[in-house]
Amino acid sequence: MITLDDFGTAVVAPGIPTILVLDVLVSDRVPAHLRSLPSVVVGEPGSAALERVRAAGTARLLLSYEESRTRLSAMLPLLEEIADGAAALQAASERLKHVEFAAPVARAPAEDELEGWDAADAVLERLGTNADLTDEFRRILRAQLRISTVLIFRRDGAGYRADQTEFVCPPTDPLCALWSRHPAVLDGHDWPATVGPSEQVAVRQRMSQWGARLLVPVHENGALKAFFAAGVREDGSLFGPAERARAVAIARLYRRLTNHAERLKTLTEQNERWRLAEHYLPNVLVLGGEESIPKHIPAPVRMLISEARANGEVRHLSPGPDQPFRARAGRVAGTEGVWVYWEDGVNEVRDALQRQRNDRLALLHDLALTLNHELGNALVSLAALRHRPGPESSSGVLMTAIHRDIANLEAINRHLGSIPTFSESVAEQSDVRTLLRSVAERTGAALDPSGPSVALNVVPKLVEFALESIIESVAENRPELGKRDLTLRLRTAGSGEQPMAHISLKGPKLALEGVLPAPLPGDIPNHGRVSVFVAKEIVRLHGGEVRANQTTLGAEILISLRGW
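Throughout the sequence shown, residue numbering follows numbering that gives the first Met the number 0, covering 0 to 563 in sequence.
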């Protein structure tokens, strides 16, 4: 590498490929004996100095500062390869002078060099896609080998397909088998010693089919990646050693450039995804191992990043009343870096608080209506006793009503007193079918024997109380039938770690307050008994619900359970 201070004394031996990479500000300070070398000039786009260099035509390639930072490192190996190829072509041209058959017209070295740099410039412009790159290499092959036609076969699925024709070469073809063990340039005349007569005939048939006079393989890690089928030369001469060497150099360059093109395509796609992510997901960040946390990141998220760095685990942050952010952070695999994603969850927290408030209001509403109904009915006889003291208050009918209402009040007190004990309940793995059998025996309801068995993590006493309360309420709502013709049936849903039990209660004239018949908008609320209210809350605590379900055989009350 030659620095600016060495320009005055630098001596470059002729024949050695050399590239000058210059800033536009010092491009006019290059000594005269180095000005013939090809140069790449870097400057600010649109600047006067860069435009002067462009107008003078002294630079082979012009790059902006941004392009020099992002693309120059990837371009240098390619430029070196092209320079090596130009040197090889120049050496091959010298050797052609001693070949007996007609040699191509000699050209000045400066013209060859200019053509090589023009090809390099065109290749770099087409580096974005393999298709454009193949088109440019077709032009290079035609120019360097002096041929009229060339087919470039690339690997495509199960075989090799020509880019401009319908020709396909399967991987089982004798030509591919030959190249798998002997990767050599073939011209149909000079055969390697390992090639048998039958293989020669097969290769000649392929060459005749494609109109080819020279076959050049392109290998990648020992596997055939592509190959060139060069046609007849413009002067009708055979391909000599120089053309063979030139074709091999172009094939090697094609292999490297196509690999770079594939990597560049991947990087471009990733860059586009990151650009879209920065636009649509601005709260995504990847930090290096020693990189400090930016101050614009919210304090809870910064603490989460610190925890992820310290523990090396994926950390989560959920929004709540104390902080409004939802975030995840974790260690970048193979490095000491950390990734983090966060989003503002203010609306989510507000919606959750509103739902919680609505649920509490609905619970209080149901409880108030239920207590008003139960206490109001139970206080009727007691109110009559208060307002009519005397001998008539000791009648048998009134005393029976008083005893019944007192028993109802005691049941209400007992049911309400059981609610505080829910927090002390301990769940256990239980067979729901066994619980249903026990409930059916105590209530007199029938149990469908065809139901499956399912084990859930439940509180058995609470589940039994809820089912018995619902059955008792349904029986009281149809006094002419009572508990007759009531059938319990168990069905299951889900699998693995998330099973679910569906318990259906079937029978004629089913009715359950607030469930069946389904309440309509504008109806007067009917919330029935405290025992049913407690039963519904028990079912909700087990992740389920009580609802009506219409089937082809009529209505049923469906009770679902997930687990405590």
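Yeah, the Cβ is synthetic: ideal placement off N, Cα and C, and Gly gets one too.
| Check | Outcome |
| --- | --- |
| E467 versus L540 - alpha carbon distance | 17 Å |
| Cβ pair count under 8 Å reaching 3, the stretch 539-554 against the stretch 362-374 | no |
| L62: first and last residue of the uninterrupted beta strand (DSSP E) it sits in | L60 to S63 |
| Residues sharing a beta bridge with E50, DSSP | Paired residues: none, contrary to the question. |
| Ordered list of beta strand (DSSP E) runs contained in the stretch 137-180, each at least 3 residues | 149-155 and 158-161 |
| Whole beta strand (DSSP E) elements within the stretch 180-247, 3-residue minimum | 213-219 and 222-229 |
| Under the three-state DSSP convention, the category I292 falls into | coil |
| C168 vs L223 beta-carbon contact at 7 Å | no |
| Paired residues, beta bridge with E342 - DSSP | R325 |
| Per-residue DSSP class, three states only, for I18 | coil |
| Proximity of D447 and T486 at Cβ, strictly below 7 Å | yes |
| Cβ contact (3+ pairs, closer than 8 Å) linking the stretch 252-262 and the stretch 234-241 | no |
| Nearest to T17 (by Cα), restricted to the options N270, L75, T334 and L61 | L75 |
| Burial state of H278, where buried means 16 or more other Cβ atoms lie within 10 Å | exposed |
| Under 7 Å between C-beta atoms of L504 and A554 | no |
| Reference N258, options G513, L132 and R180, closest by Cα | L132 |
| Three or more C-beta pairs below 8 Å linking the stretch 282-300 and the stretch 189-203 | no |
| Buried versus exposed call for Q497 [16 or more other C-beta atoms within 10 Å across all chains shown] | exposed |
| L435 versus E271 - alpha carbon distance | 60 Å |
| Residues near V457 in its chain [Cβ-Cβ closer than 7 Å; skip 5 each side] | A426, S429, H541, L560, G562 and W563 |
| Residue range of the beta strand (DSSP E) that includes E440 | Careful: E440 lies outside any beta strand (DSSP E), inside the alpha helix (DSSP H) at V431 to T442. |
| Bridge-paired residues (DSSP) for Q428 | N456 |
| Per-residue DSSP class, three states only, for L480 | coil |
| CA nearest to the CA of L366, picked from H414, L284 and A351 | H414 |
| Local conformation of L263 per DSSP, three classes | helix |
| For R546: DSSP bridge partner residues | L557 |
| Beta carbon of W273 nearer than 7 Å to that of P216 | no |
| Alpha-carbon to alpha-carbon, F324 and P318 | 5 Å |
| Burial state of P170, where buried means 16 or more other Cβ atoms lie within 10 Å | exposed |
| CA nearest to the CA of G230, picked from D27, L150 and I304 | L150 |
| Own chain residues within Cβ distance below 6 Å of M206, not counting five before or after | G187 |
| For A445 and T399, the rounded distance between their alpha carbons | 32 Å |
| Whole-angstrom distance between L455 and R441, CA atom to CA atom | 22 Å |
| Within 7 Å, strictly: CB atoms of A326 and V300 | yes |
| Distance between G329 and T567 (C-alpha atoms, nearest Å) | The structure shown does not extend to residue 567, since the chain is modelled only from 0 through 563, so no value can be given for it. |
| Cβ contact check for the stretch 41-53 and the stretch 17-30: 3 or more pairs under 8 Å | yes |
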